[in-house]
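**Q** I'd like to ask some things about the structure below.
Protein chains: 2
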Amino acid sequence: MSADLLRTVGEVRAAVAGARRAGRNIGCVPTMGALHEGHGALIDRAVEAGDFTVVTVFVNPIQFDRREDYEAYAISLPADVEFCGRRGAAVVFAPSVAEMYPEGFATTVEVPSLAQNLCGAFRPGHFRGVATVVAKLLNIVQPDTAYFGEKDGQQLAIIRQMAADLNLPLHIVAVPTVREADGLALSSRNRRLSEAERRIAPLLHLALEAGRRKIAEGSRDPAEVRRAAFAVLEAEPAFRVEYVEVVDAQRMQAVDAIAGDVRIAAAVWLGSTRLIDNVPA
Amino acid sequence: MSADLLRTVGEVRAAVAGARRAGRNIGCVPTMGALHEGHGALIDRAVEAGDFTVVTVFVNPIQFDRREDYEAYAISLPADVEFCGRRGAAVVFAPSVAEMYPEGFATTVEVPSLAQNLCGAFRPGHFRGVATVVAKLLNIVQPDTAYFGEKDGQQLAIIRQMAADLNLPLHIVAVPTVREADGLALSSRNRRLSEAERRIAPLLHLALEAGRRKIAEGSRDPAEVRRAAFAVLEAEPAFRVEYVEVVDAQRMQAVDAIAGDVRIAAAVWLGSTRLIDNVPA
């Protein structure tokens with residue numbers, strides 16, 4: 000199978016309208032390209048649901064707080080289109096920056112109260128850029144279902160809130176994080192790691208697992224859980240820790256005491272690469 | 000004819016889905032109720048286009064910068080429903096505040112660069128509230144066409160920009176301002192005027208007409224046009240002028256020189272009532 004590569008809003012709307020007339024439900028998997036098995040799991044979920052699956056590939060300039068990060072975000076569109084076709088997606092929508100942000104573009108969408116903490120505290124404007132582009136993409140594709148990865152947990156919380164608040168007529172499906180055999184969460188950024196860094200990187204997941212173990216052992220104190228995770232990270236001098244937090248699973252806000260569904264989330268730098276991860280606990 | 004009064008998102012979506020299955024196009028007329036002939040012109044335009052016409056009646060708390068203004072915005076829903084039915088609208092969607100802003104609501108939509116001047120300079124947060132509620136209403140109704148009055152010129156510019164930027168799949172139709180015989184623009188706020196204020200109020204339109212005459216006479220200098228309008232307003236001590244500006248018709252931003260489509264816009268207080276108006280020039 001091969002996926003159709005479409006570059007304009009008009010083309011993707013026409014393709015979606017055709018699928019709707021044929022009685023198909025529409026699924027949307029928003030990505031920034033550089034597709035890996037984590038994205039593959041999202042696409043599989045849509046295809047298995049029987050959706051006419053539209054994968055969007057757009058490196059969104061307004062969500063990068065650091066220009067060098069944007070510029071390093073090299074995608075290979077032919078490989079991504081091939082990947083999507085192989086997984087059974089029908090369409091790859093890869094618009095230009097001018098198609099998404101024409102001259103005079105001026106609108107922002109944001110969920111300020113969910114964007115102050117975790118990554119939001121370290122990446123000013125990032126989640127405003129995310130919410131804005133995702134609102135656009137969902138309005139362009141108009142899917143019945145949109146699929147997002149749990150790995151970007153705060154992003155997922157913000158998009159869920161935005162979609163509910165703005166009455167977007169769709170369901171959001173969260174797909175569990177895909178990991179390497181050693182536990183490292185799949186991410187396009189992993190390919191920037193040196194060999195030495197790649198050997199260290201799985202400690203991020205191990206640190207979160209140490210926190211989870213504390214909770215499994217009965218701890219209800221977020222500070223104690225954070226200390227357990229920090230201890231793993233601090234043993235490796237190559238890590239620079241941005242945060243380790245215990246948060247509620249729905250809104251990804253820090254909790255005072257552990258009760259109900261929580262997750263442990265962390266962000267670290269390893270050399271010039273920023274890694275994030277989170278686990279349920 | 001009578002219009003159906005619906006109170007929930009689910010009900011209005013079901014009504015719209017039924018109309019779509021019957022092959023109808025959907026028209027949406029967002030209002031804050033207290034309907035008058037200005038709203039009537041919007042509804043007429045939708046009905047004449049053959050739309051299945053949904054009038055939304057919702058006094059949006061988040062767009063009021065002054066609590067007493069919100070509380071004074073009394074609507075009479077039975078009269079509004081009767082009005083809509085008589086004009087040929089199919090549905091009145093009048094949600095509760097809790098239906099629109101459930102516990103935990105947290106998202107904002109805004110067009111900051113178009114909301115700094117004119118009314119935006121005097122009503123902090125107003126246009127953020129407008130853009131947010133209109134995005135919601137348009138996502139709930141999902142019309143093919145939405146109708147807005149030119150009287151709220153800055154609102155129209157912001158909604159146009161928001162709808163284009165967020166790729167809302169609809170057309171926006173601007174409907175010319177409806178006026179009393181003496182030129183006063185119809186507004187729900189006019190009913191708050193005392194008899195004496197009501198006699199003075201048409202001077203606002205006369206002032207804008209004086210500005211328009213300057214341009215018709217060949218002036219290309221916004222300062223000169225503003226002076227001509229100000230002269231009319233200043234002759235009446237009961238007015239407190241917020242602004243008189245010459246703006247481009249599309250974005251409603253002040254122009255340095257008059258060229259292309261411009262409008263003259265003004266806001267004044269008359270006692271405790273704020274009046275706005277604008278005219279093409």
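The listed protein sequences derive, respectively, from chains A and B. Using numbering that gives the first Met the number 0, you'd call the opening residue of the first sequence number 0 and step up by one each time. Using numbering that gives the first Met the number 0, you'd call the opening residue of the second sequence number 0 and step up by one each time. Even glycine gets a Cβ: it sits at the ideal position worked out from N, Cα and C.
#1: Can you name, in chain order, every residue of its own chain whose Cβ lies under 8 Å from the Cβ of Gly182 of chain B, other than the five neighbours on each side?
#2: Tell me the DSSP secondary structure of Arg127 of chain B in three-state form.
#3: Run through DSSP, which three-state label would His170 of chain A get?
#4: Cβ closer than 7 Å: which chain A residues qualify as neighbours of Val110 of chain B?
#5: In angstroms, rounded to a whole number, what distance separates the CA positions of Arg262 of chain A and Arg159 of chain A?
#6: Around the Cβ of Ala222 of chain B, are there at least 16 other Cβ atoms within 10 angstroms (buried) or fewer (exposed)?
#7: Nearest by alpha-carbon distance to Glu244 of chain A: which of A:Glu235, A:Arg65, A:Arg225 and A:Leu232 is it?
#8: Under 7 Å between C-beta atoms, does Ala18 of chain A make it to chain B?
#9: Identify whether Pro281 of chain A lies in helix, strand or coil by the three-state DSSP scheme.
#10: Flag Asp247 of chain B as yes if its beta-carbon sits less than 7 Å from any beta-carbon of chain A, otherwise no.
#11: Residues in its own chain within less than 7 Å of Ala184 of chain B by CB, not counting five upstream and five downstream?
#12: Would DSSP call Glu149 of chain A helix, strand or coil?
#13: Along chain A, in chain order, which residues have C-beta atoms closer than 9 Å to that of Leu41 of chain B?
#14: So if I threshold CB-CB distances at 7 Å, which residues from the stretch 227 to 255 of chain B count as touching chain A?
#15: Report all residues from its chain with a CB closer than 6 Å to the CB of Gly210 of chain B; omit the five preceding and five following residues, and keep chain order.
#16: Going along chain B, which residues have a C-beta under 7 Å from Ala180 of chain A?
#17: Could you tell me whether the Cβ of Gln115 of chain A comes closer than 7 Å to any Cβ of chain B?
#18: Under 7 Å, Cβ to Cβ, is there at least one residue of chain B near Leu165 of chain A?
#19: Can you have a look at Pro29 of chain A and say buried or exposed, based on whether 16 or more other CB atoms are within 10 angstroms of its CB?
#20: Which whole-angstrom value is the C-beta distance of Thr7 of chain A and Pro94 of chain A, which I expect to be below 8 Å?
#21: According to DSSP, what are the bridge partners of Leu155 of chain A?
#22: The beta strand (DSSP E) with Gly26 of chain B in it runs from where to where?
#23: Spatial neighbours of Gly128 of chain B within its chain, please: C-beta separation below 7 Å, excluding the five flanking residues on both sides.
#24: So, are the CB atoms of Leu169 of chain A and Ala134 of chain A less than 7 Å apart?
#25: Can you name the residues of chain B whose CB is closer than 9 Å to the CB of Ile139 of chain A?
#26: Taking Ser193 of chain A as the reference, which of A:Ala163, A:Leu269 and A:Val140 has the closest Cα?
#27: The stretch 5 to 30 of chain A: which residues have C-beta closer than 8 Å to a C-beta of chain B, in chain order?
#28: With distance defined between alpha-carbon atoms, name the residue in B:Arg188, B:Ala253 and B:Ala18 nearest to Leu274 of chain B.
#29: What are the partner residues of Leu274 of chain B, as DSSP defines its beta bridges?
#30: For Phe104 of chain B, report the span of its beta strand (DSSP E) as first-last.
#31: With a cut-off of 7 Å, does the C-beta of Met0 of chain A fall near any C-beta of chain B?
#32: For chain A, is any of its Cβ atoms less than 7 Å away from the one on Ala134 of chain B?
#33: Which whole-angstrom value is the C-beta distance of Val172 of chain B and Arg44 of chain B, which I expect to be below 8 Å?
#34: So does the stretch 114 to 126 of chain B actually touch the stretch 242 to 261 of chain B, counting three or more Cβ pairs closer than 8 Å?
#35: Which bits of chain B does Gln62 of chain A rub up against, with CB to CB less than 9 Å?
#36: For Arg262 of chain A, write down the residues that DSSP places opposite it in a beta bridge.
**A** So, to answer that:
#1: Pro201, His204, Leu205 and Glu208
#2: helix
#3: strand
#4: Ala105 and Thr106
#5: 16 Å
#6: exposed
#7: A:Arg225
#8: no
#9: Lying before the first or after the last residue shown, residue 281 of chain A is absent from chain A, which here runs from 0 to 280.
#10: no
#11: Lys150, Thr176, Arg178, His204 and Asp276
#12: coil
#13: Neighbours of Leu41 of chain B on chain A: none; closest Cβ ~22 Å, over 9 Å.
#14: none
#15: Val224, Ala227, Ala228 and Ile263
#16: Those do not exist, as Ala180 of chain A stays about 38 Å from chain B at its closest Cβ, beyond 7 Å.
#17: no
#18: yes
#19: buried
#20: 7 Å
#21: DSSP output for Leu155 of chain A lists no bridge partner at all.
#22: Ile25 to Thr30
#23: Asn59, Ile61 and Gln62
#24: no
#25: Asn166 and Pro168
#26: A:Leu269
#27: Val8 and Arg12
#28: B:Arg188
#29: B:Val267
#30: Looking at the DSSP string, Phe104 of chain B is not in any beta strand (DSSP E), and its letter there is neither H nor E.
#31: no
#32: yes
#33: 6 Å
#34: yes
#35: Residues of chain B passing the Cβ test: none, with the nearest at roughly 15 Å.
#36: A:Val246 and A:Pro279
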